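Residue numbers (the numbering used here): 3 to 471.
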């Protein structure tokens with residue numbers, strides 16, 4: 003049986019959902035962009051033009067939910083199916099849009115440049131349990147006006163894996179869609195390889211940029227990942243239930259707008275919410291409340307029969323230390339047990355601002371363990387092995403049994419040598435190598451030996467043309 007983690011009962015989910023509906027219908031939600039207001043008005047919503055407030059009736063919300071696909075099939079750059087984002091299927095990808103990178107050799111942070119990101123993409127491409135890329139770094143050696151699409155360009159050239167991305171500019175979605183058309187032979191709507199984040203601005207607001215990005219994604223049927231991010235005690239009331247009502251209202255408003263624009267536009271119900279630590283004025287993504295909020299809103303998304311997303315597996319530590327390990331491990335395990343479909347966050351440190359290749363390699367191991375946990379324990383005649391117990395008896399071992407040889411790799415998760423399971427003598431004889439030295443050795447090996455599948459040369463030239471000035 004697959005283990006399942008839940009935080010809310012059915013009545014609690016309904017109460018949060020109903021309060022979110024009431025917020026949308028009675029209190030309203032702010033949309034800065036005039037086009038959004040006009041679209042809502044045509045759909046029958048009451049609008050306060052002066053205040054830019056939209057009042058969305060429950061009937062329109064529920065009608066919109068009916069047209070959102072309950073499943074999103076994600077493909078790789080070569081058009082092969084990677085995963086169905088539905089049910090309790092889970093994929094992991096690095097946390098996105100870090101403005102710093104931690105140098106694993108000097109333990110200093112710096113602004114990333116193009117070569118840093120290419121190395122990061124190549125590493126991600128090689129990791130078994132990180133099944134998708136993200137536009138993980140905001141590189142500092144290109145103009146800000148093009149950095150959103152440039153990040154996608156680097157991923158498409160250097161990895162076969164699907165990607166979670168997003169735009170920082172009004173025109174970004176249009177250009178990035180053209181880039182995706184190049185690598186997918188114009189079949190990006192039929193075989194999506196990219197998911198686009200769209201983030202409302204709590205409390206209950208949509209900026210002009212984000213609402214335009216959402217509208218453009220919906221027009222093209224590019225998958226939209228709604229990332230609501232209220233902060234308990236700052237941009238939302240301090241109580242977690244109220245944070246959940248805010249997330250639900252913001253995400254529902256995004257769903258309604260997407261379905262007004264293009265019925266059937268694919269949506270992923272997501273977020274990146276946490277608390278405000280009142281002692282320091284910080285927003286800790288590794289807080290236990292962040293995991294609780296993420297798992298609870300994902301449970302609401304599942305109740306609504308939608309694919310789900312969360313930011314988990316991050317740490318607020320500044321280094322790859324014990325804090326980074328336990329904060330990331332808790333989030334990854336809980337999110338996987340909740341059956342969240344897209345978990346973003348591996349590799350990230352320092353309040354979602356820094357990426358670390360060393361942490362990404364360690365998190366890959368945690369993701370593998372989480373997947374093993376979620377497969378549960380198989381109970382049948384073969385796995386109970388009653389006859390084998392009788393055959394071996396009381397005074398022998400099972401080491402040489404055919405049953406052990408046949409099933410040990412299926413039953414037992416075998417981590418890479420990043421995880422130390424040697425006895426002390428063997429460890430000492432090999433130089434007492436600590437984990438961060440092992441990660442550095444593995445990074446060097448992957449960057450030297452791993453060759454991502456190259457992009458077709460004609461397609462590569464077409465992509466290059468987007469950045470010839």
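Ideal Cβ positions, reconstructed from N, Cα and C, are used throughout, including at glycine. Being a predicted model, the structure only gives us computed values, none of them experimental.
Requested in this report: Put residue 248 into one of helix, strand or coil per three-state DSSP.
Outcome: Helix, per DSSP.
Requested in this report: Would you mind giving the Cβ-Cβ distance between residue 330 and residue 365, rounded to the nearest angstrom? I have them listed as a contact below 8 Å.
Outcome: Sure, about 6 Å apart at Cβ, within 8 Å.
Query raised in the report: So which of 360, 289, 313 and 341 has the shortest CA-CA distance to residue 321?
Result: The shortest C-alpha separation from residue 321 is found at 360.
**Report entry** residue 25 and residue 251 closer than 7 Å at C-beta
**Finding:** Yes, these two residues count as a Cβ contact at 7 Å.
Query raised in the report: Thinking C-beta only, is residue 139 closer than 7 Å to residue 357?
Result: Their beta carbons are under 7 Å apart, which means residue 357 touches residue 139 by this criterion.
Query raised in the report: At what residues does the alpha helix (DSSP H) containing residue 104 begin and finish?
Result: Element bounds for residue 104: not the alpha helix (DSSP H) but the beta strand (DSSP E), 102–104.
Query - Nearest candidate by alpha-carbon position, reference residue 8, set 303, 144 and 258 - result: Minimum Cα distance to residue 8 is reached at 303.
Query raised in the report: DSSP beta-bridge partners for residue 311?
Result: BP columns for residue 311 point to 344.
Query raised in the report: Near residue 1, what residues of its chain come up, given a Cβ to Cβ distance below 8 Å and the 5 sequence neighbours on each side ignored?
Result: Nothing about residue 1 can be read from this structure; the chain reaches only from 3 to 471.
Query raised in the report: Considering only C-alpha positions, which residue in the set 121, 5, 186 and 76 is nearest to residue 478?
Result: This structure cannot settle anything about residue 478, because the visible part of the chain is limited to 3 through 471.
Requested in this report: For residue 410, count neighbouring Cβ atoms within 10 angstroms of its own Cβ and tell me buried if that reaches 16, exposed if not.
Outcome: It counts as exposed.
Query raised in the report: Do three or more CB pairs link the segment 195–203 to the segment 11–23 at distances below 8 Å?
Result: Touching, no, given that fewer than three Cβ pairs across the two stretches are closer than 8 Å.
Requested in this report: Compare the beta carbon distance of residue 351 and residue 319 with 7 Å and say whether it is the shorter of the two.
Outcome: For residue 351 and residue 319, yes; Cβs fall inside 7 Å.
Requested in this report: Indicate the three-state DSSP secondary structure (helix, strand or coil) for residue 382 in the structure shown.
Outcome: Residue 382 falls in the coil class under three-state DSSP.
Query raised in the report: beta strand (DSSP E) containing residue 356: first to last residue?
Result: Unbroken beta strand (DSSP E) run through residue 356: 356–358.
**Report entry** As assigned by DSSP and simplified to three states, the class of residue 69
**Finding:** Helix at residue 69.
Query raised in the report: Given a threshold of 16 other Cβ atoms within 10 Å of its Cβ, counted over all protein chains shown, does residue 416 qualify as buried or as exposed?
Result: Counting the other Cβ atoms within 10 Å of the Cβ of residue 416 gives fewer than 16, which makes it exposed.
Query - Counted within 10 angstroms of its Cβ, other Cβ atoms place residue 383 as buried (16 or more) or exposed - result: Burial is judged here by how many other beta carbons sit within 10 angstroms of a residue's own beta carbon; residue 383 has fewer than 16 and is exposed.
Query - beta strand (DSSP E) runs wholly inside the segment 132–195, at least 3 long, in chain order - result: Those beta strand (DSSP E) runs which fall completely within the segment 132–195 and span 3+ residues are 165–167.
**Report entry** 4 or more residues per run - each alpha helix (DSSP H) lying fully within the segment 229–277
**Finding:** List check, alpha helix (DSSP H) in window: 242–263.
Requested in this report: Rounded to whole angstroms, what's the CA-CA distance from residue 422 to residue 428? Just pull it up for me.
Outcome: Roughly 10 Å separates the two Cα atoms.
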